[in-house]
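**Q** Protein chains in written order, with UniProt numbering: chain Z, 1 to 276; chain X, 1 to 363.
Virtual Cβ for every residue (Gly too), placed ideally from N, Cα, C.
Since the model is a prediction, treat every value here as computed from it, not as a measurement.
One structure, as C-alpha cells, below. Some questions next.
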C-alpha cells in the first residue's frame, strides 16, 4: 500500500476513534447550554441559542459551592500529604537498598490492585469505629493513603534517575541528609512530583464510591452530589447534571492542558534521564 | 591543614577484599595520587576517607582527630567525582555558591570566595550561563570550583578527568595542576592514568589488589619500582622483563645471556637463583654502529608512540624486547641493529617479583 495513503487512513481511523470517545463529552457540553426541552428533543437539536441559565440555576442551588470546595480541598490536601510521604519513601527505597525493596514495592502497588468494592466495607466499619466517618481529616487521610502507592512508584523512578553522586557531593560538602533530600534531590524530581500530583488529583477528584460510603453531608464531593441530585426529583435533572458536569470537568482539563509535558515524563517514570 | 593517617584499613564486600589492611600517611599540604589499574581498591579507599563507605576494620585520622565513624558532612572535606556533578536549572555562579549558603558567611565574603575560584579556574566567561549549556570539561571545572570555594582542609578527587572529552582534558589537567600548586591543601587524587599522576602528584601511592605496593615521588617510583608490577604498570609501554638464571662458580654469581656482550656478574645474590631483569624501553640504547658493549639484534616490529618516537621490537638470540628510537634513525623491519642494555638502568627482581638490592657488572 502507498505510504501516503496508509498515513491518511491511519489518521482517519484515529479521528473516528477520538470522535467516538469525545461524543458523550461533546453532548454533555452542548446540553449544558440548552434548555431541558432542547436536551430531550427528538431528533436532537444541533442548532440552538445557547443559554447560561443552567449555570445560574446551578450556583443558586444550596450547597453546590460547598461540594465544589470539598472536592478541591479534599483532593488537593490528600494528594499533597501523599506526595510528601511518597517522596520520602521513594528516596528511602532508592537509596537505602534493602533486600526486600522489590517485594515491598510490589505489595505497595498491590494496594491499588484491590477492587474498591472489596475494601469499602472494612474501611466503612473502621471509620465508624474510629468516629472518622464524614470528617474532613478522615476523608483526606483515606485519599492520601490511596494515592501513596502509585506516587511512590512514580517518584522512585525519578529519584533513581538522580545519580547518587549528587547525594554524596551534598554530604561531603557539609550538607545534612535533609539538605540533600530537599535542596539537591527534590528540585531534580520536580517533573515527577507534578506528574504524581496530577495523576492522583484526577483520581481523587473523580472518586465516587468511598466518598458515598464513608463521607456524608459534610464531606460530600461533586461526583456524589451529581449522582444524588441527578435523581432526587423523580427523574433525571438533565440541566443540573450537564452544567455541574461541565464545571466539574474544568479543573482536570486545565491541569492536563498546562502540565501535559510532565504527565508524559511521569508516564515514563523518569527513566529517560541520564547518569548525571 | 592536616595529614591523613590510615591504619590497617580494610574493606570487604562479602568474600571480596577491596582494601586489604592498608597503612599509609598522606602528608599535609601535598598532592598524593592513588594510582593503579581498575578494581585495585583506590576508589574504595578514597570513599572510606570521605566517609561514603563504612570501613570493615582499621582507623582513619585527620591530624590527631579520629574520623573513622564520623559522618561525611562532619569531616570538613571536599570531593570531586568522576562524573561532573552540577545542579541543573541554576547558573554556574549559583552552583559554586550553593554549599557556601550553609556556612555563616557574609554576602561579601561568599562572593569573594566564589569569584576567587572562578578566576583561578578561568570560568569568568561562563559565570552567568545555564549549566546545561556547558560541555563536560567546564562542568567539571564548576564541580571543582564548588569544592574548592568551601576551603575544606582536605580535597579528594576521584578520577575527575576520566569523563571529560579529549579536547578539554589537557586544559582541565593544567587547571588542576595550577590549582593544586596554589592551594597547598592535603589532596588525594585517584587516577588510573599514569600521565595524570606524574603531572600532578608530589608523591604517588601505587595500588594493586587492595594493597599499596609502593609510595614514592613520581620519578623515584618510575625509576626504582619496588616490584615487577610497578615496572610493568608505569611507562608506555612498561618495562621489558627477562627471566634469567644465575649460576655461582669460582668467579662469583654470573648470568650467561645474549643480552650483554659478556656474562653479567651479580653481587649480593643468593646462589643459583632465578631472577627477572627489568629495563625500560627508552633506556635501551640502539645504534646502527657496533661498539664493544653492544649486541646484535633484528627489528621485528615498529610503531609510532606519543612524542614522535618509534617503538621497535628487537629480537636477539631467543629474547624479544622493546626499545624507543628517534625517527631519524630510519630503521626498517628486519634491519640488523646493535643495542646495549646499560647496567646503571637495569633492575633485578627476585623470584617473588620484589626488587633486589644487588650490584651488577660485566665479566
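Nearest chain Z C-beta to residue 18/X closer than 8 Å, yes or no?
**A** For the purposes of this step, residue 18/X is taken as the residue at position 18 of the second chain. Taking Cβ atoms only, chain Z never reaches closer than 8 Å to residue 18/X, which makes this a no.
**Q** Please state whether DSSP places residue 97/X in a helix, a strand or coil.
**A** Stepping through the second chain from its first residue, residue 97/X is reached at position 97. In this structure, residue 97/X counts as helix in the three-state DSSP scheme.
**Q** Does the structure place the stretch 137 to 150 of chain X close enough to the stretch 54 to 69 of chain X that three or more beta carbon pairs sit under 8 Å?
**A** Because the criterion of three Cβ pairs below 8 Å is not met, the stretch 54 to 69 of chain X and the stretch 137 to 150 of chain X do not touch.
**Q** Classify residue 130/X as helix, strand or coil using the three-state DSSP reduction.
**A** Locating residue 130/X in the second chain gives position 130, where the first residue counts as 1. DSSP places residue 130/X in strand when its eight states are reduced to three.
**Q** To the nearest angstrom, how far is it from the Cα of residue 187/X to the Cα of residue 176/X?
**A** In the second chain, counting from the first residue as 1, residue 187/X sits at position 187. In the second chain, counting from the first residue as 1, residue 176/X sits at position 176. Each residue's Cα considered, the two are about 11 Å apart.
**Q** Which one or two residues does DSSP pair with residue 211/X in a beta bridge?
**A** By 1-based counting over the second chain, the position of residue 211/X is 211. BP columns for residue 211/X point to 208/X.
**Q** Taking Cβ-Cβ distances shorter than 9 Å, what residues in chain X pair up with residue 292/Z?
**A** Chain Z is shown only over 1 to 276; residue 292/Z falls outside these bounds and no answer can be derived.
**Q** Give me, in chain order, the residues of the same chain whose beta-carbon lies closer than 7 Å to that of residue 262/X; leave out the 5 immediate sequence neighbours on both sides.
**A** Locating residue 262/X in the second chain gives position 262, counting from the first residue. Excluding positions up to five away in sequence, the list reads 362 and 363.
**Q** What residues in the stretch 42 to 58 of chain X have a beta carbon less than 9 Å from any beta carbon of chain A?
**A** Protein chains Z and X are contained in the structure displayed, whereas chain A is not.
**Q** Express the C-alpha separation of residue 234/X and residue 310/X in angstroms, rounding to a whole number.
**A** As a position in the second chain, residue 310/X is number 310, starting the count at 1. As a position in the second chain, residue 234/X is number 234, starting the count at 1. Rounded to whole angstroms, residue 310/X to residue 234/X spans 18 Å at the Cα level.
**Q** Here's the rule I'm using: 16 or more other beta-carbon atoms within 10 Å means buried, otherwise exposed. How should residue 278/Z be labelled?
**A** In this structure chain Z extends from 1 to 276, so residue 278/Z is not present and cannot be described.
**Q** For residue 137/X, go through chain Z and note every residue whose CB falls closer than 9 Å to its CB, in chain order.
**A** For the purposes of this step, residue 137/X is identified with residue 137 of the second chain, where counting begins at 1. Per Cβ cutoff of 9 Å: no residues; residue 137/X is ~14 Å from chain Z at best.
**Q** Beta carbons nearer than 9 Å to chain Z: which residues of the stretch 68 to 80 of chain X have them?
**A** Flagged, chain order: 71, 72, 73, 74, 75, 76, 77, 78, 79 and 80.
**Q** Expressed to the nearest angstrom, what Euclidean distance is found between the alpha-carbon atoms of residue 190/X and residue 44/X?
**A** Residue 190/X sits at position 190 when you count from the first residue of the second chain. Residue 44/X sits at position 44 when you count from the first residue of the second chain. Distance between the alpha carbons of residue 190/X and residue 44/X is about 10 Å.
**Q** On the DSSP letters alone, give me the boundaries of the alpha helix (DSSP H) that residue 294/X sits inside.
**A** Looking up residue 294/X in the second chain gives position 294. Where residue 294/X is concerned, there is no enclosing alpha helix (DSSP H), given that its DSSP letter is neither H nor E.
**Q** What does residue 175/Z reach in chain X if we use C-beta pairs closer than 8 Å?
**A** What you label residue 175/Z is simply residue 175 of the first chain in a count that begins at 1. Within 8 Å Cβ-Cβ: 73, 99 and 102.
**Q** Does any C-beta atom of chain X lie closer than 8 Å to the C-beta of residue 194/Z?
**A** In the first chain, counting from the first residue as 1, residue 194/Z sits at position 194. Not closer than 8 Å to any Cβ of chain X, the Cβ of residue 194/Z fails to qualify, so no.
**Q** If you measure from the beta carbon of residue 155/Z to each beta carbon in chain X, is any gap under 8 Å?
**A** Within the first chain, numbered from 1, the residue matching residue 155/Z stands at position 155. For residue 155/Z, the answer is no, since every Cβ of chain X falls outside 8 Å of its Cβ.
**Q** Buried or exposed: where does residue 50/X fall if 16 or more other Cβ atoms within 10 Å of its Cβ makes it buried?
**A** Against the second chain, residue 50/X aligns to sequence position 50. Buried, by the Cβ-count rule.
**Q** Under a Cβ-count criterion, where at least 16 other Cβ atoms within 10 Å of its own Cβ denotes burial, should residue 137/X be classed as buried or exposed?
**A** Within the second chain, numbered from 1, the residue matching residue 137/X stands at position 137. Looking at its Cβ environment, which holds 16 or more other Cβ atoms inside 10 Å, residue 137/X is buried.
**Q** Check the Cβ-Cβ distances between residue 172/Z and every residue of chain X, and say whether any is below 8 Å.
**A** The residue labelled residue 172/Z in the question sits at position 172 within the first chain. Interface residue, yes.
**Q** Residues in the same chain with beta-carbon distance under 6 Å from residue 75/X, minus the five sequence neighbours each way, listed in chain order, please.
**A** Taking the second chain and counting its residues from 1, the one referred to as residue 75/X is at position 75. Same-chain partners within the cutoff: 51 and 67.
**Q** Per DSSP, what kind of secondary structure is residue 190/Z in: helix, strand or coil?
**A** Locating residue 190/Z in the first chain gives position 190, where the first residue counts as 1. It is helical.
**Q** Check distances from the C-beta atoms of the stretch 139 to 152 of chain X to those of chain Z and list, in chain order, the residues that come in under 9 Å.
**A** Under the 9 Å Cβ criterion, the stretch 139 to 152 of chain X contributes 139, 143, 146, 147, 150 and 152.
**Q** Use the C-beta contact count for residue 109/X: other C-beta atoms within 10 angstroms, 16 or more gives buried, fewer gives exposed.
**A** Start at 1 with the first residue of the second chain, and residue 109/X comes out as number 109. Result: exposed.
**Q** Nearest by alpha-carbon distance to residue 95/X: which of 2/X, 132/X and 294/X is it?
**A** Along the second chain, read from residue 1 onward, the residue named residue 95/X stands at position 95. For the residues 2/X, 132/X and 294/X, the minimum Cα distance to residue 95/X belongs to 132/X.
**Q** Does the CB of residue 168/Z have a neighbour CB from chain X at under 8 Å?
**A** Locating residue 168/Z in the first chain gives position 168, where the first residue counts as 1. Yes, contact with chain X.
**Q** Does residue 2/Z have its Cβ less than 8 Å from a Cβ in chain X?
**A** Here residue 2/Z refers to the residue found at position 2 when the first chain is read from its first residue. Output row for residue 2/Z: interface = no.
**Q** I need the DSSP call for residue 275/Z, collapsed to helix, strand or coil.
**A** Sequence index remark: in the first chain, residue 275/Z carries index 275 (1-based). Residue confidence is low: residue 275/Z scores 42 on pLDDT, short of 50, so the model does not pin down where it sits. Its coordinate-derived value is still stated next. Reduced to three states, the DSSP call for residue 275/Z is coil.
**Q** Could you check the C-alpha separation between residue 167/Z and residue 158/X for me, to the nearest Å?
**A** Position 167 of the first chain, counted from the start, is the residue given in the question as residue 167/Z. Position 158 of the second chain, counted from the start, is the residue given in the question as residue 158/X. Cα to Cα, the separation comes out at about 15 Å.
**Q** Along the alpha helix (DSSP H) that carries residue 15/Z, what are the first and last residues, could you check?
**A** As a first step, residue 15/Z is located in the first chain; it is residue number 15 there, counting from the start. Start and end: 3 to 32.
**Q** For residue 308/X, which of helix, strand or coil comes out of DSSP?
**A** Your numbering for residue 308/X matches position 308 in the second chain. DSSP places residue 308/X in coil when its eight states are reduced to three.
**Q** If we define contact as Cβ-Cβ less than 8 Å, is residue 11/Z a contact residue for chain X?
**A** For this step, residue 11/Z is matched to residue 11 along the first chain. Answer no: the Cβ-Cβ gap between residue 11/Z and chain X never drops below 8 Å.
**Q** If you follow the alpha helix (DSSP H) that residue 146/X is part of, which residue opens it and which one closes it?
**A** For the purposes of this step, residue 146/X is taken as the residue at position 146 of the second chain. Segment 136 to 149, the alpha helix (DSSP H) holding residue 146/X.
**Q** Apart from the five residues on each side of it in sequence, which residues of its chain come closer than 7 Å, Cβ to Cβ, to residue 333/Z?
**A** Within the shown structure, residues of chain Z are numbered from 1 to 276, placing residue 333/Z beyond reach of any answer.
**Q** How about residue 211/X and residue 22/X: do their beta carbons lie closer than 8 Å?
**A** As a working note, residue 211/X is residue 211 in the second chain. As a working note, residue 22/X is residue 22 in the second chain. Contact: yes.
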